[in-house]
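Step one of this worksheet: look at the structure below.
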DNA sequence: GAGTATGCTACAGAATGTGTAGCGTCAACG
DNA sequence: CGTTGACGCTACACATTCTGTAGCATACTC
């Protein structure tokens, strides 16, 4: 089944958008892909390199989902974020700094 | 190996905190657990219910990781977020509203 | 037409997640 | 004391998902 808000997320009978989002983001590499696209369009193969050579099988699966969800699109420049996707990526950009602080905390 | 900033994340030789965070959050149910703890402490069994009856095996594994990462702790009231964990959860709280808007967009 | 790049698929083996049953501990009840 | 019920948590067989490698079909360059 296509993952989309309105369709039930795994383990949640409601199609509540946040649950669908958490379901999708909670699959390996999804967050990472969004993160690596933050600086503009990249080819499939370049994206693979950025993601430490994920298997193309999986990368393609993720990109398909993200395209269904209107977060990513593909043109002759390669893959890139849609406006909504960029918006989401921006939310995660804040996490980068947060993670640095957090690391200091954890490692003490 | 214990997941911690400083240790390499899966698929990333660097221990860069964000990568570790993405690795951890990109495991099923991790985001959901953080989300369900947003309103205060809950017992293991209650948390399980909130998470649509995830298997206790997995829930326990996730909680262990989140405790290692100082995002969650356990006392006689049950499981709850640490200050850092609450901070992180707050970041994701914004996602709830975002997801609602996004849903309208996707479903058009 | 050989070389190189693209997006993407196939497939076997490994890792991860799921679902159910139940253990050991404790506190309350009668 | 013996039962009942709730707690955190573990065992284990089964299912799904992810990984890694090989390679196809297409297109453009020399």
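Chains as they are written, first to last, in my numbering: chain A, 253 to 360; chain B, 253 to 360.
Idealized CB from N, CA, C, for every residue including glycine.
My output table needs one value for residue i: the three-state DSSP class, helix, strand or coil.
i	result
residue 337 of chain B	helix
Mind listing the chain A neighbours of residue i? Cutoff is C-beta to C-beta under 7 Å, in chain order.
i	result
residue 336 of chain B	354 and 357
residue 322 of chain B	357 and 358
residue 282 of chain B	278
residue 273 of chain B	347 and 351
Between which two residues does the alpha helix (DSSP H) holding residue i run?
i	result
residue 315 of chain B	308-320
residue 275 of chain A	269-277
residue 293 of chain B	Where residue 293 of chain B is concerned, there is no enclosing alpha helix (DSSP H), given that its DSSP letter is neither H nor E.
residue 287 of chain A	282-288
What first and last residue would you give for the beta strand (DSSP E) that runs through residue i?
i	result
residue 326 of chain A	324-327
Check the Cβ of residue i against every Cβ in chain A and list those closer than 8 Å, keeping chain order.
i	result
residue 257 of chain B	351, 354, 355, 358 and 359
Give me the chain A residues within the contact set of residue i, using Cβ-Cβ distance strictly less than 9 Å, ordered along the chain.
i	result
residue 325 of chain B	In chain order: nothing, as chain A lies at least about 13 Å away.
Name the chain B residues that come within less than 7 Å of residue i, Cβ to Cβ?
i	result
residue 269 of chain A	351, 352, 354 and 355
Find the residues of chain B that neighbour residue i, judging by a C-beta separation of less than 8 Å, and give them in chain order.
i	result
residue 348 of chain A	270
Which residues does DSSP list as the beta-bridge partners of residue i?
i	result
residue 260 of chain B	BP columns for residue 260 of chain B are empty, so no partner.
*Any residues in the stretch 285-299 of chain B with a beta carbon nearer than 8 Å to a beta carbon of chain A? Which ones, in chain order?*
Those residues of the stretch 285-299 of chain B that come within reach of chain A (Cβ to Cβ, closer than 8 Å) are 287.
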